[in-house]
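FYI, in my numbering the residues of the sequence shown are 456 to 780.
Yeah, the Cβ is synthetic: ideal placement off N, Cα and C, and Gly gets one too.
In what follows, a structure is listed as structure tokens, so that the remarks can point back to it.
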Amino acid sequence: MQALVLEQSEGKTVAVVKTLSPEALPAGEVTVDIDWSGLNYKDALAITGKGKIIRQFPMVPGIDFAGKVHHSEDPRFHTGQAVILTGWGVGENHWGGLAEQARVKGDWLVAMPEGLDGRRAMIIGTAGLTAMLCVMALEEGGITPEEGEIIVTGASGGVGSTAVALLSALGYQVVAVSGRESTHDYLRQLGARAILSREAFSADARPLEKQRWAGAIDTVGDKVLANVLAQMNYAGVVAACGLAGGFTLPTTVMPFILRNVRLQGVDSVNAPTARRVEAWKRLVKTLPADFYQQATREITLQEAPAGAMRLLNNEITGRTLVKIR
Ligand code: NDP
């Protein structure tokens, strides 16, 4: 089988496509023939070595994949069944999806939801699943379309793009924050009614500013999130899932104690299976058909290292799909 393999050489991460024996795969109950994977921000950090994602080498990266069961010792899955995997540390500490096969625990797999196929599942990928979990967090915080505008930061990335498309399809008024002028047409096509520049959110945040947003989905962290928090409406809800701008949060308690703002963290890696199944069903139902064309570029396994570099250099919009076979 072909796999992208990460190794260490003189303290640096080297990524090369190699032919491996399937016998080298780690232990697990289900072996999957992978059709599609994707490039997520975390994959890009792992492949380039720019983030301390991988601690054991050699490692096959790829935090998500879609494929068909090759062999299963788990009675819940049968040969030929279409499945999806996202998270659970796969592609970080267990060989992942940027390979023709993976062997994983049955508990980590989700059966392909009705109405979805492997290609579209990986256009959604970990990024899209996370966007849906963020939307659910806003809904659970009581934010309906009538409450007011929703702001999405890092809007042209994988999570941000899917969040814009989902919120717009659900009837919310979406305002996108992007660092690039070149993304504006794309974001409008996805459903953003207005686009604000990242620069407007990059200064040191004041404790409180004029109230503007009923809800927020933040993929960026750092000063951008701090500025968003200061602008939230009374009882607004912020779903925070990312750190594309940095992992710090230079804020004050003022939005929380004076405006009743809720800051809800969102994690997809260890999300319980029932919640994943619900999120996948909602993604299939909610995403419009044209999302899958608008938000996708397709590459091969060999092109994954260059794609990872471009993703970290903020040169990509939407999702990067990796065609495995
Ligand atoms: P992408 O690289 O596709 O998107 C990130 C976007 O953030 C970019 O497109 C860009 O949008 C913006 N951005 C990039 N660099 C900076 C910067 N220096 N400062 C401010 N904004 C920046 O990544 P993903 O969408 O896949 O992931 C987004 C974040 O969410 C990542 O931090 C990732 O780790 C996290 N994540 C978390 C998950 C979880 O379970 N909690 C799961 C999946 C992702 P623009 O050009 O429009 O400004």
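Assuming S633 is part of the beta strand (DSSP E), what are its boundary residues?
Along the sequence shown, read from residue 1 onward, the residue named residue 633 stands at position 178. S633 -> beta strand (DSSP E) spans 629-633.
Do you know how far the Cα of R558 is from the Cα of T474?
As a working mapping, residue 474 is identified with position 19 in the sequence shown. As a working mapping, residue 558 is identified with position 103 in the sequence shown. Going from the Cα of T474 to the Cα of R558 covers about 16 Å.
Identify which residue in V679, M709, G691, G570 has its Cα closest to the Cα of R737.
For the purposes of this step, residue 737 is identified with residue 282 of the sequence shown, where counting begins at 1. Checked all of V679, M709, G691, G570; the closest Cα to R737 is G570.
Stretch-stretch touch, CB-based, cutoff 8 Å, three pairs: the region 525-540 with the region 716-727:
The region 525-540 is not in contact with the region 716-727.
Can we say the region 747-754 touches the region 720-728, given the rule of at least three CB pairs closer than 8 Å?
No, because fewer than three Cβ pairs between the region 747-754 and the region 720-728 fall closer than 8 Å, the two stretches do not touch.
When G626, T638, E594 are compared against G615, the one with the closest alpha-carbon
In the sequence shown, counting from the first residue as 1, residue 615 sits at position 160. Taking only the C-alpha atoms, the option nearest G615 is T638.
Suppose you measure from the CA of I650 to the CA of E753; what does that come to, to the nearest Å?
As a position in the sequence shown, residue 650 is number 195, starting the count at 1. As a position in the sequence shown, residue 753 is number 298, starting the count at 1. About 26 Å.
With 16 other Cβ atoms within 10 Å as the buried cut-off, status of F656:
Here residue 656 is taken as the residue at index 201 of the sequence shown, counted from 1. It counts as buried.
Helix, strand or coil: how does DSSP classify G522 here?
Here residue 522 refers to the residue found at position 67 when the sequence shown is read from its first residue. DSSP, read as helix, strand or coil, puts G522 in strand.
Would you kindly check if the distance between the Cβ of L480 and the Cβ of G517 is under 8 Å?
One-based indexing of the sequence shown puts residue 517 at position 62. One-based indexing of the sequence shown puts residue 480 at position 25. For G517 and L480, no; Cβs fall outside 8 Å.
Rounded straight-line distance, which links the Cα of I508 to that of K497
For this step, residue 497 is matched to residue 42 along the sequence shown. For this step, residue 508 is matched to residue 53 along the sequence shown. Roughly 7 Å between the two C-alpha positions.
Alpha carbon to alpha carbon, how far is Q556 from A624?
The residue you call residue 556 lines up with position 101 of the sequence shown. The residue you call residue 624 lines up with position 169 of the sequence shown. Their backbone Cα atoms lie some 35 Å apart in a straight line.
Once you ignore the five residues that flank V630 on each side, which residues in its own chain have a CB closer than 8 Å to its CB?
On the sequence shown, position 175 is the one that residue 630 refers to. So the list reads E604, I605, I606, V607, A647, R648, A649, I650, L651, W668, once near-sequence residues are dropped.
Once you ignore the five residues that flank A576 on each side, which residues in its own chain have a CB closer than 6 Å to its CB?
In the sequence shown, residue 576 corresponds to position 121, counting from 1. Residues of the same chain with a CB within less than 6 Å of the CB of A576, apart from the 5 flanking positions on each side, are A521, I539 in chain order.
Any heavy atom of the ligand NDP closer than 7 Å to the beta-carbon of R714?
Working through the sequence shown from its first residue, we reach residue 714 at position 259. Every heavy atom of the ligand NDP is 7 Å or more from the Cβ of R714, so no.
If you run the structure through DSSP and keep just helix, strand and coil, what is L742?
Taking the first residue of the sequence shown as position 1, residue 742 is located at position 287. Note: L742 maps to coil in three-state DSSP.
Here's a check: name, in chain order, each residue in its chain whose Cβ is nearer than 7 Å to the Cβ of V784, leaving out the five neighbours to either side.
Beyond the ends of the chain as shown, which are 456 and 780, falls residue 784; an answer cannot be given.
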